[in-house]
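A quick write-up on the structure given underneath.
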Amino acid sequence: MKNMTHYVNGEHVEGTSGRFSDIFNPATGDVQAQCPLASTAEVDAIIAKAAAAQPAWAAVNPQRRARVMMKFVSLLNRDMDKLAEALSREHGKTLPDAAGDVQRGLEVVEYCIGAPQMLKGDFTDSAGPGIDMYSMRQALGVSAGITPFNFPAMIPMWMFAPAIVCGNAFILKPSERAPSVPLMLAELMKEAGLPDGILQVVNGDKEAVDALLHSETVQSIGFVGSTPIAEYIYATGCANGKRVQCFGGAKNHMIIMPDADLDQAADALLGAGYGAAGERCMAISVAVPVGEETADRLIEKLVTRIETLKVGPYTAGADVDYGPVVTAAAKANILRLVQTGIDQGAKLVVDGRDFNLQGYEDGFFVGPHLFDNVTNEMDIYTQEIFGPVLCTVRAKTYEEAIAYAMYHEYGNGTAIYTRDGDTARDFANRINVGMVGINVPIPVPLAYHTFGGWKKSVFGDLNQHGPDAFKFYTRTKTITARWPSGIKEGGEFSIPVMD
Ligand code: NAD
259 MKNMTHYVNG
269 EHVEGTSGRF
279 SDIFNPATGD
289 VQAQCPLAST
299 AEVDAIIAKA
309 AAAQPAWAAV
319 NPQRRARVMM
329 KFVSLLNRDM
339 DKLAEALSRE
349 HGKTLPDAAG
359 DVQRGLEVVE
369 YCIGAPQMLK
379 GDFTDSAGPG
389 IDMYSMRQAL
399 GVSAGITPFN
409 FPAMIPMWMF
419 APAIVCGNAF
429 ILKPSERAPS
439 VPLMLAELMK
449 EAGLPDGILQ
459 VVNGDKEAVD
469 ALLHSETVQS
479 IGFVGSTPIA
489 EYIYATGCAN
499 GKRVQCFGGA
509 KNHMIIMPDA
519 DLDQAADALL
529 GAGYGAAGER
539 CMAISVAVPV
549 GEETADRLIE
559 KLVTRIETLK
569 VGPYTAGADV
579 DYGPVVTAAA
589 KANILRLVQT
599 GIDQGAKLVV
609 DGRDFNLQGY
619 EDGFFVGPHL
629 FDNVTNEMDI
639 YTQEIFGPVL
649 CTVRAKTYEE
659 AIAYAMYHEY
669 GNGTAIYTRD
679 GDTARDFANR
689 INVGMVGINV
699 PIPVPLAYHT
709 FGGWKKSVFG
719 DLNQHGPDAF
729 KFYTRTKTIT
739 ARWPSGIKEG
749 GEFSIPVMD
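Read in order, the letters of the sequence shown are residues 259 to 757 in my numbering.
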């Protein structure tokens, strides 16, 4: 059985804690490797290496740091197929979707090549008599990031690329369910010219995370994962004086107005609801058609389309729309929630419970499910299912439809399908959700905008990537300077003001 490693100071290092977790091939159900779970002592040693390496890296000029990112982009493109295959093997998503995972991270790396511009700072000449004032952005020191299983390439890059280009050392604690690609990314960063110790990968579970949270050296923590863990990491990190940003779970609503093109809406729901087996924080998991006629027609169109969905292993190539879910436990939880939906009175229009794939009976495949007549008290509505299960909530009016999205505790993404500009504009202005699509089902912002939800989908005040990332990974220092010719004689006892 293959043992994965940690990546410490530019080298693969075996775990010494004696604790491991299984890494599955979700398509077959086989355990394909063991992931070492770091002890506190192992994490502390890694933090010390990061702290030792960081000052020299922060002293490298921003243009040279950006050149490492340039080279890294070309290496990502060179190794795209290899990265996608490793990702699909542990996660289960299709190869094109895995390549998209790498590509969406790569785009943030490209954005980070603009670091010299982003880090330039502000200067005021003659802010007072003989006085100049300037602000600069300085690296925090050692930063850490804890990432989920569902985007093993994209989310680590969203964190480490801006952190590193700003002059920080970064410690990545990826999901113990999909550690291969994060380790490969660290190797590529070294090949791109990054000095040892600036990007390290520590595999582990709560013990490793707690070691990062309680370290006095770690200055900032980024987290992406489920909301209960996000709340814990945010509270603990803040209590320990760190800068923290945590991105949590989701329940994304798509409102379908009576004037929408229902074929377009149904196509969009198919990809956004079932793509990646629903294991996306920006998946649409609730469809809210407005009016009975819209709902009836939409359900009919969805059922026809769902019947054509092809579920299978990534190795089947273009013949597959989505793959298995990540573990047997994830599958069991999805099927448990489906059962609560039935018990609580929702109508299961498409039942994927008996889905079985010949030759892959032990894989973690879940057939597509479609619920109708879902209400806002049901568990399938209140909880994140994170599987190929689309819930339909029927609304009589636009106001009722928008209220569903407004009153749900999560606020990551949402979408509206309509041909009416006024309705779309009103929706975009009033909705209390961070990322909004107008006739766009998965409105993940591009690298130069920022990514983040509202409500229980986020803890902290700066978003991921875009200009916010440069703020999160730096501190502002403002210098007020004057030279002897500008200094008046005698002491000043009142607070200086600008008359
Ligand atoms: P998870 O919360 O189980 O794990 C995320 C990370 O936290 C992993 O690295 C894991 O090792 C660590 N972790 C788990 N339990 C911990 C504990 N008790 N203490 C400390 N650390 C712990 O999430 P997941 O199952 O890997 O990912 C799916 C979740 O992530 C979903 O809820 C999804 O919505 C969310 N997600 C959110 C976004 C976003 O941007 N908002 C993006 C992707 C995924």
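Just so you know, even glycine gets a beta-carbon here, dropped at the ideal spot from N, CA and C.
- Between THR352 and TYR572, the C-beta spacing is below 8 Å.
- Put simply, of VAL439, TYR706 and LEU528 the residue whose alpha carbon is nearest the alpha carbon of GLU343 is VAL439.
- In terms of Cα proximity to HIS511, the closest of ILE745, TYR532 and TYR662 is TYR662.
- Cβ atoms of ALA534 and LEU648 stay farther apart than 8 Å, at about 14 Å.
- Three or more Cβ pairs closer than 8 Å define a contact, and the segment 515-523 falls short of that threshold against the segment 490-504.
- Look at LYS431: its beta carbon is less than 7 Å from one of the heavy atoms in the ligand NAD.
- Counted as a single uninterrupted DSSP element, the beta strand (DSSP E) harbouring ALA385 occupies residues 380-386.
- The residue among ILE513, ARG325 and ALA309 with its C-alpha nearest the C-alpha of PRO374 is ARG325.
- Pairwise C-beta distances place the segment 382-401 in contact with the segment 298-312, as three or more of them are shorter than 8 Å.
- DSSP places HIS270 in the strand class (E or B) of the three-state scheme.
- Take the alpha-carbon of MET442 and the one of MET415: they are about 12 Å apart.
- Inside the segment 632-675, DSSP marks whole alpha helix (DSSP H) runs of 4 or more residues at positions 637-640 and 656-665, from first to last along the chain.
- Checking the DSSP bridge columns, you'll see LYS605 partnered with ASP630.
- For the 8 Å CB-CB criterion, HIS627 and VAL578 do not form a contact.
- Pairing ASN261 with ALA291 gives a Cβ-Cβ distance under 8 Å.
- Shortest Cα-Cα distance from PRO516 to any of ALA541, GLY507 and PRO547 involves PRO547.
- By the criterion of at least three beta-carbon pairs nearer than 8 Å, the segment 733-743 is in contact with the segment 381-400.
- Around ALA421, the same chain offers SER401, PHE428 and TYR731 as residues with beta carbons nearer than 7 Å, after the five sequence neighbours per side are excluded.
- ARG501 and ILE737 have their C-alpha atoms spaced approximately 22 Å apart.
- The beta carbon of PHE278 is closer than 8 Å to those of ASN261, GLN292, CYS293, PRO294 and LEU295 in its chain, skipping five residues each way along the sequence.
- Minimum Cα-Cα distance from THR633 among the listed residues HIS666, ASP355, ALA285 and VAL716 corresponds to HIS666.
- The closest CA to that of TYR668, considering only ARG677, ASN690 and ALA686, is found on ASN690.
- Annotation for SER297 indicates a beta carbon at 7 Å or more from all heavy atoms of the ligand NAD.
- Excluding five sequence positions before and after LYS448, the CB atoms of its chain that fall closer than 6 Å to its own CB belong to GLY268, given in chain order.
- Taking non-hydrogen atoms of the ligand NAD into account, the C-beta of PRO742 is found less than 7 Å away from none of them.
- Residues of the same chain with a CB within less than 7 Å of the CB of GLY710, apart from the 5 flanking positions on each side, are PHE505, GLY692, VAL716, ASN721 and GLN722 in chain order.
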